[in-house]
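Colleague: Each residue of the sequence shown is one higher than the one before, counting from 333 in my numbering. Note that CB positions come from ideal geometry on N, CA and C, so glycine has one too.
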Amino acid sequence: MKKLASVLLSTLMAASLVACGTSTSSGTPAEAPAEEKPAEATAEATAEAAPAGDEGSVLNIYCWNEEFKSRLEDHYPGYEKVDATTGKIGDVTVKFTITPSDDNAYQNKLDEVLPNNASAAADDKVDIFLVEADYALKYTGADPAVALDVKGDLGLTDADLANQYQYTKDVVTANGVLRGVSWQGCPGVLVYRRDIATEVFGTDDPAEIAPLLSDWDKFNEAAAKLKEAGYTITCSANDTFRVYSNNVTSKWVEDGKINIDPNIEKWVEDSKALVDAGETGTYDLWGDEWNAGFMKDGKVFCYFGPAWLINFCMAADDEGSVAHDGGWAAVEGPQGFNWGGTWICGAQGSDNPTLVADIMKQLTCTESVMTDIVKKDSDFVNNKPAMEAAAKDDSYAFPILGGQNPLAMFCEGANKISMANISNYDQGCTEEFQNAMKNYFDGNYATYEEALDAFYKAVGEKYPELAQ
């Protein structure tokens, strides 16, 4: 009974500080101190979360990077950091096991521990594990289940989840059962260089640039004009792949057979034309050539990405970057899309279901906590009222975008995202398709059909149960 007693005490103390006017949670992300917890403590919610009986003394969390750890440390009421991988919530020790995703190591680790979690020693049981969209269904749709039912097992309600964007629930719903939640949304926009826009199109005003890039035909016309002026519209054909692939009308695998959606085929056709014309390249995302486009001496007009790419990946701290001087702007682009996201899953066999449920509720359902995440971490959070309010607030302008506030575009995009066509095979099929098409674009395969054959062979080795 006492496991979460100190959590409740900490929360009540925080609530008292708020009542006394001691807390000041306001301002932009740069103005808010990272160590400060949300102003509105949720005493009632935490009181309701107190367990009916003893739960585990160790909360084990499996993840592939530091992101979720920092959100829990900075925003969960009562969390105390002990060291780089350990914390305390009341009497419960929180232990993070971080396994990088390289060479599939993280998934391999989950595959090793989750099936036997119920029989693991108490202090070794996995309580929470994190997943990405590309492989979420592998775990949320597993039979037998390895992830807890968010509603049936953990007690979150439709009312708790009502303000979340629907697509974030769809990603982790299998056979009608919700088995995960996320604190963030990752809708994307097209981000372009203002100076190049002014040189080539006569203006850098998003209202005037947006119509020039509002569909793929116009996008390709703009690419030709940019090429004449010495620029590429994107750094790589891979920059646009996720935009096309997020707008498919069928799955990678249909009835056990590998399927190429028409919108994926359109990406191949459009990209091949752009590469052949010298209007884009075939560089790998995150490589040196790709990152070079963020610099002032780069020749790349635009990138596609969500808030995290804009705020954390465009080298804003480098004086030689375009972002450093606020030289980018954003428009919706040819199609809405989503890129990334992290989902919290409770593990079957956890001996801390009450605490797991409260972490989910606090970090993904409590508007004051989520607003705090927006302010301090520049995340686009999974809460419609919080993001709609921020979209109307000039204090949320992005310095990288020259003072433009793109959140209304992100909100609009998040409402339109559909993840109805995700499958268990998305990660492997996407990786192998891009590999094969890069070789086609580079001329290593003479025809699209040759590239397809290479794709089918590679996917067949990964997933021998599939038919071509």
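I'd like to check one pair, residue 411 with residue 420: are the Cβ atoms closer than 9 Å?
Modeller: Residue numbering aside, residue 420 sits at position 88 when the sequence shown is read from its first letter. Residue numbering aside, residue 411 sits at position 79 when the sequence shown is read from its first letter. It is a contact, given that the beta carbons lie within the stated cut-off.
Colleague: Do you know offhand how far residue 504's Cα is from residue 473's?
Modeller: On the sequence shown, position 172 is the one that residue 504 refers to. On the sequence shown, position 141 is the one that residue 473 refers to. One C-alpha to the other measures close to 8 Å.
Colleague: Starting from residue 392, follow the beta strand (DSSP E) in both directions and report where the run begins and ends.
Modeller: Stepping through the sequence shown from its first residue, residue 392 is reached at position 60. Start and end: 390 to 395.
Colleague: Could you check whether the region 532 to 544 touches the region 700 to 711, counting it as contact only if at least three pairs of C-beta atoms, one from each stretch, sit closer than 8 Å?
Modeller: no
Colleague: Cα separation between residue 465 and residue 515?
Modeller: Sequence index remark: in the sequence shown, residue 465 carries index 133 (1-based). Sequence index remark: in the sequence shown, residue 515 carries index 183 (1-based). Going from the Cα of residue 465 to the Cα of residue 515 covers about 14 Å.
Colleague: Anyone know if the C-beta pair for residue 583 and residue 595 falls short of 9 Å?
Modeller: Taking the first residue of the sequence shown as position 1, residue 583 is located at position 251. Taking the first residue of the sequence shown as position 1, residue 595 is located at position 263. Against a cut-off of 9 Å, the Cβ pair of residue 595 and residue 583 comes out as no contact.
Colleague: Using C-beta distances below 7 Å, list every residue in its chain close to residue 688, excluding the 5 sequence neighbours before and after it, in chain order.
Modeller: Translated into positions along the sequence shown, residue 688 becomes position 356. Answer for residue 688: 459, 460, 486, 678, 682, listed in chain order.
Colleague: Since I believe residue 760 is in contact with residue 791 (beta carbons under 8 Å), could you give me their beta-carbon distance rounded to a whole number of angstroms?
Modeller: Taking the first residue of the sequence shown as position 1, residue 791 is located at position 459. Taking the first residue of the sequence shown as position 1, residue 760 is located at position 428. Rounded, the Cβ-Cβ distance is 6 Å, consistent with contact.
Colleague: Under three-state DSSP, which class holds residue 527?
Modeller: For this step, residue 527 is matched to residue 195 along the sequence shown. DSSP places residue 527 in helix when its eight states are reduced to three.
Colleague: Looking at the structure shown, is residue 745 part of a helix, part of a strand, or coil, going by DSSP?
Modeller: For the purposes of this step, residue 745 is identified with residue 413 of the sequence shown, where counting begins at 1. It is helical.
Colleague: Taking C-alpha atoms, which residue in 509, 640, 589, 650 lies nearest to residue 628?
Modeller: Taking the sequence shown and counting its residues from 1, the one referred to as residue 628 is at position 296. Of the listed residues, the one whose Cα sits closest to residue 628 is 650.
Colleague: Can you tell me which residues form a DSSP beta bridge with residue 411?
Modeller: By 1-based counting over the sequence shown, the position of residue 411 is 79. 421, per the DSSP bridge assignment.
Colleague: I'd like the list of long-range same chain contacts for residue 414, defined as Cβ closer than 7 Å, with 5 residues on each side in sequence excluded.
Modeller: On the sequence shown, position 82 is the one that residue 414 refers to. Within the same chain, residue 414 has close Cβ partners 420.
Colleague: Quick one: Cα of residue 454 to Cα of residue 387, how far?
Modeller: Locating residue 454 in the sequence shown gives position 122, where the first residue counts as 1. Locating residue 387 in the sequence shown gives position 55, where the first residue counts as 1. The alpha-carbon atoms of residue 454 and residue 387 are separated by roughly 10 Å.
Colleague: What residue range is occupied by the uninterrupted beta strand (DSSP E) comprising residue 637?
Modeller: For the purposes of this step, residue 637 is taken as residue 305 along the sequence shown, with counting starting at 1. From DSSP, the beta strand (DSSP E) with residue 637 extends over 634 to 637.
Colleague: Write down the C-beta distance between residue 578 and residue 670 rounded to the nearest angstrom, noting that I regard them as a contact closer than 8 Å.
Modeller: Position 246 of the sequence shown, counting from 1, holds the residue named residue 578. Position 338 of the sequence shown, counting from 1, holds the residue named residue 670. About 6 Å; that satisfies the 8 Å criterion.
Colleague: Tell me which residues share the same chain as residue 376 and place their Cβ nearer than 8 Å to its Cβ, disregarding the 5 neighbours each side in the sequence.
Modeller: The residue you call residue 376 lines up with position 44 of the sequence shown. Confidence at residue 376 is low in this model, with a pLDDT of 39, below 50, so its placement is unreliable and the value that follows should be read with caution. Here residue 376 has no same chain residue with a Cβ atom under 8 Å from its own Cβ, once five neighbours each way along the sequence are excluded.
Colleague: The beta strand (DSSP E) that contains residue 606, what's its start and end?
Modeller: Here residue 606 refers to the residue found at position 274 of the sequence shown. Premise fails: residue 606 lies in the alpha helix (DSSP H), 594 to 608, not in any beta strand (DSSP E).
Colleague: Please state whether the Cβ-Cβ distance between residue 675 and residue 463 is less than 9 Å.
Modeller: For the purposes of this step, residue 675 is taken as residue 343 along the sequence shown, with counting starting at 1. For the purposes of this step, residue 463 is taken as residue 131 along the sequence shown, with counting starting at 1. The criterion of a C-beta distance shorter than 9 Å is satisfied by residue 675 and residue 463.
Colleague: Select from 644, 567, 636 the residue whose C-alpha is nearest the C-alpha of residue 613.
Modeller: Within the sequence shown, residue 613 is the residue found at index 281, counting from 1. Answer by Cα proximity: 567.
Colleague: Pairs of beta-carbons, one from the region 394 to 404 and one from the region 424 to 431, closer than 8 Å: are there three or more?
Modeller: yes
Colleague: Are the beta-carbon atoms of residue 749 and residue 467 separated by less than 9 Å?
Modeller: Stepping through the sequence shown from its first residue, residue 749 is reached at position 417. Stepping through the sequence shown from its first residue, residue 467 is reached at position 135. Their beta carbons are not under 9 Å apart, which means residue 749 does not touch residue 467 by this criterion.
Colleague: Could you tell me which of 615, 703, 797 sits nearest to residue 403, measuring between CA atoms?
Modeller: Along the sequence shown, one-based indexing puts residue 403 at 71. Nearest of 615, 703, 797 to residue 403, Cα basis: 703.
Colleague: Assuming residue 737 and residue 723 are in contact, meaning their beta carbons sit under 8 Å apart, how far apart are those beta carbons, in whole angstroms?
Modeller: The count along the sequence shown starts at 1 and reaches residue 737 at position 405. The count along the sequence shown starts at 1 and reaches residue 723 at position 391. Right, their Cβ atoms sit about 7 Å apart.
Colleague: Since residue 626 and residue 655 are thought to touch, with beta carbons under 8 Å apart, how far apart are those beta carbons, to the nearest angstrom?
Modeller: The residue labelled residue 626 in the question sits at position 294 within the sequence shown. The residue labelled residue 655 in the question sits at position 323 within the sequence shown. That belief holds up - the Cβ atoms of residue 626 and residue 655 are roughly 7 Å apart, short of 8 Å.
Colleague: Is the distance from the Cβ of residue 773 to the Cβ of residue 607 below 9 Å?
Modeller: Looking up residue 773 in the sequence shown gives position 441. Looking up residue 607 in the sequence shown gives position 275. For residue 773 and residue 607, yes; Cβs fall inside 9 Å.
Colleague: So residue 630 and residue 521 are supposed to be a Cβ contact under 8 Å. How far apart are they, rounded?
Modeller: Position 298 of the sequence shown, counting from 1, holds the residue named residue 630. Position 189 of the sequence shown, counting from 1, holds the residue named residue 521. Rounded, the Cβ-Cβ distance is 19 Å, inconsistent with contact.
Colleague: Closer than 8 Å by C-beta to residue 481: which residues in its own chain qualify, once you throw out the five before and the five after it? Chain order, please.
Modeller: Along the sequence shown, one-based indexing puts residue 481 at 149. Once the five neighbours on either side are set aside, the close Cβ partners of residue 481 are 509, 510, 511.
Colleague: With C-beta atoms as the reference, is residue 754 less than 9 Å away from residue 660?
Modeller: Taking the first residue of the sequence shown as position 1, residue 754 is located at position 422. Taking the first residue of the sequence shown as position 1, residue 660 is located at position 328. Not a contact, by the Cβ cut-off of 9 Å.
Colleague: Just the Cα atoms here: how many angstroms apart are residue 653 and residue 757?
Modeller: Residue 653 sits at position 321 when you count from the first residue of the sequence shown. Residue 757 sits at position 425 when you count from the first residue of the sequence shown. When rounded, the distance between both Cα atoms is 37 Å.
Colleague: Would you kindly report the start and end of the unbroken alpha helix (DSSP H) that includes residue 450?
Modeller: By one-based count along the sequence shown, residue 450 stands at place 118. Premise fails: residue 450 is in no alpha helix (DSSP H) and is neither H nor E.
Colleague: What's the C-alpha gap between residue 600 and residue 770?
Modeller: Taking the first residue of the sequence shown as position 1, residue 600 is located at position 268. Taking the first residue of the sequence shown as position 1, residue 770 is located at position 438. Cα to Cα, residue 600 sits roughly 10 Å from residue 770.
Colleague: Select from 393, 525, 479, 588 the residue whose C-alpha is nearest the C-alpha of residue 565.
Modeller: Within the sequence shown, the letter at position 233 stands for residue 565. Of 393, 525, 479, 588, the residue nearest in Cα terms is 525.
Colleague: Check this for me: beta carbons of residue 699 and residue 717, under 9 Å apart or not?
Modeller: Translated into positions along the sequence shown, residue 699 becomes position 367. Translated into positions along the sequence shown, residue 717 becomes position 385. Contact: yes.
Colleague: Determine the direct distance from the alpha carbon of residue 484 to that of residue 697, and round the result to whole angstroms.
Modeller: In the sequence shown, residue 697 corresponds to position 365, counting from 1. In the sequence shown, residue 484 corresponds to position 152, counting from 1. If I take the Cα positions, the gap works out to 17 Å.
Colleague: Identify which residue in 616, 585, 441, 548 has its Cα closest to the Cα of residue 598.
Modeller: What you label residue 598 is simply residue 266 of the sequence shown in a count that begins at 1. Comparing Cα-Cα distances from residue 598 to each of 616, 585, 441, 548, the minimum goes to 548.
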